[in-house]
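To start, the structure under review is shown below, and the notes come after it.
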Amino acid sequence: MKSIDRRKFLVQGGMGLGAAILATQLPNELFAAFDSGLIKRPFGFQSYPIRDRLSKDFAGTLKLMAGMGYQEVEMCSPSGYSTIGFAAIAKLKTAEVKTIITDAGLSCKSCHFVFGELTNKLDDTIAFSQELGLTNIICSTFWLPKTATLDDYKKAADKLNVAAEKIKKAGMQAGFHNHDFEFKMLEGELIYDVLMNRLDPSLVKMQFQTEVINYGYKAATYFEKYPGRFISAHLSDWTAEKKQVPIGKGVIDWKEFFKAAKTGGVETCYVEMDYETYEESAKFLKA
Numbered sequence: 009m010k011s012i013d014r015r016k017f018l019v020q021g022g023m024g025l026g027a028a029i030l031a032t033q034l035p036n037e038l039f040a041a042f043d044s045g046l047i048k049r050p051f052g053f054q055s056y057p058i059r060d061r062l063s064k065d066f067a068g069t070l071k072l073m074a075g076m077g078y079q080e081v082e083m084c085s086p087s088g089y090s091t092i093g094f095a096a097i098a099k100l101k102t103a104e105v106k107t108i109i110t111d112a113g114l115s116c117k118s119c120h121f122v123f124g125e126l127t128n129k130l131d132d133t134i135a136f137s138q139e140l141g142l143t144n145i146i147c148s149t150f151w152l153p154k155t156a157t158l159d160d161y162k163k164a165a166d167k168l169n170v171a172a173e174k175i176k177k178a179g180m181q182a183g184f185h186n187h188d189f190e191f192k193m194l195e196g197e198l199i200y201d202v203l204m205n206r207l208d209p210s211l212v213k214m215q216f217q218t219e220v221i222n223y224g225y226k227a228a229t230y231f232e233k234y235p236g237r238f239i240s241a242h243l244s245d246w247t248a249e250k251k252q253v254p255i256g257k258g259v260i261d262w263k264e265f266f267k268a269a270k271t272g273g274v275e276t277c278y279v280e281m282d283y284e285t286y287e288e289s290a291k292f293l294k295a
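Just so we're on the same page, my numbering is the position in the sequence shown counted from 1, plus 8.
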């Protein structure tokens with residue numbers, strides 16, 4: 009994909025000399041706070057963007073990702089996602105999945121689940137999560153129709169609160185992952201803010217997806233607005249033209265991101281991008 013020089017973008021965009029200087033900083037400087045305890049390394053990657061590769065060669069692809077420098081994989085529930093790319097992995101026993109991940113030199117403490125797995129099949133989800141060794145059970149989305157009302161979102165949030173209480177009793181943390189559609193106005197309110205007010209902060213932590221920079225929303229803003237409410241984040245970077253580029257090549261201010269992430273409570277970051285960007289992104293993050 010066509011990239012844009014970040015320094016050129018910042019200067020032409022009128023962000024000033026300070027921002028232009030920031031854009032020239034080395035990754036080690038950007039992550040000084042990170043290494044001093046802001047967030048615990050290693051960085052991980054989300055499995056969904058490379059589901060086709062994983063389905064064709066689960067063990068080999070995991071080893072390939074580990075070779076790039078990633079040390080953690082965030083899975084998607086093989087059962088819940090069996091019809092959208094994880095059918096081959098769903099045929100494996102949970103113990104086999106865990107062994108393959110470990111043998112690749114990776115760890116897995118977080119996994120995405122479809123909403124139904126947290127409402128209609130919660131006992132099975134908890135059992136699977138415990139066997140896999142998870143600490144975080146993430147609701148990927150509520151899967152509500154485009155015609156959903158704010159009341160529908162509130163009811164879904166209430167259901168997640170109920171599930172999260174049982175997840176907590178099982179010794180794990182429930183979380184909620186946003187997409188772009190939670191950053192849309194509905195009935196005069198931003199859906200994401202409604203969810204933040206409805207979800208119980210003592211039971212549900214948030215996983216922030218940085219892709220919403222394309223809609224004018226910064227992760228840092230929400231980390232600071234809702235301190236301690238976040239558990240992890242999905243990293244991706246973008247040009248001013250909303251084209252995906254490797255981490256560090258786009259418009260996101262990563263120094264600001266990681267500084268604010270401490271306030272937000274973020275513990276782990278997972279790169280979630282097109283496969284072609286993973287290696288260069290890993291080089292930036294581990295530099």
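The beta carbon of each residue, even a glycine, is placed where N, CA and C say it ideally should be.
For residue 184, three-class secondary structure by DSSP: strand
DSSP beta-bridge partners of residue 238: 214
Enclosing beta strand (DSSP E) for residue 288 [first to last residue]: Careful: residue 288 lies outside any beta strand (DSSP E), inside the alpha helix (DSSP H) at 283–294.
Contact check, residue 244 vs residue 280, beta carbons under 8 Å: yes
Assigned exposure category for residue 186 - 16 Cβ within 10 Å defines buried: buried
Every unbroken alpha helix (DSSP H) inside the stretch 114–176 [4 residues or more]: 123–127 and 130–140
Spatial distance of residue 294 from residue 115 (CA atoms): 17 Å
Residue 202 - containing alpha helix (DSSP H), residue span: 199–206
Three CB pairs or more closer than 8 Å across the stretch 72–83 and the stretch 107–122: yes
Under the three-state DSSP convention, the category residue 245 falls into: strand
Distance, residue 269 Cα to residue 193 Cα: 25 Å
Whole-Å CB distance - residue 93 paired with residue 147, under 8 Å assumed: The Cβ separation is near 18 Å, so there is no contact.
In DSSP terms, what residue 53 is bridged to: 81 and 279
Inter-residue spacing [alpha-carbon to alpha-carbon] between residue 57 and residue 169: 28 Å
Three-state secondary structure assigned by DSSP to residue 194: strand
Own chain residues within Cβ distance below 7 Å of residue 256, not counting five before or after: 35, 245, 262 and 292
Chain-order list of residues whose beta-carbon lies under 8 Å from that of residue 103 (same chain, five-residue window excluded): 139
Neighbourhood of residue 151 by C-beta, 7 Å cutoff - its chain only, sequence neighbours within 5 removed: 122 and 123
Three-state secondary structure (DSSP) of residue 220: helix
Bridge-paired residues (DSSP) for residue 253: 245
Residue from 81, 135, 79 and 52 whose Cα sits closest to the Cα of residue 2: The question about residue 2 has no answer here: the residues shown for the chain are numbered 9 through 295.
Environment of residue 258 [buried if 16+ CB atoms lie within 10 Å]: buried
Closest Cα partner of residue 109 within the set 287, 142, 210 and 272: 142
Environment of residue 223 [buried if 16+ CB atoms lie within 10 Å]: exposed
Distance between beta carbons of residue 52 and residue 278, contact taken as under 8 Å: 4 Å
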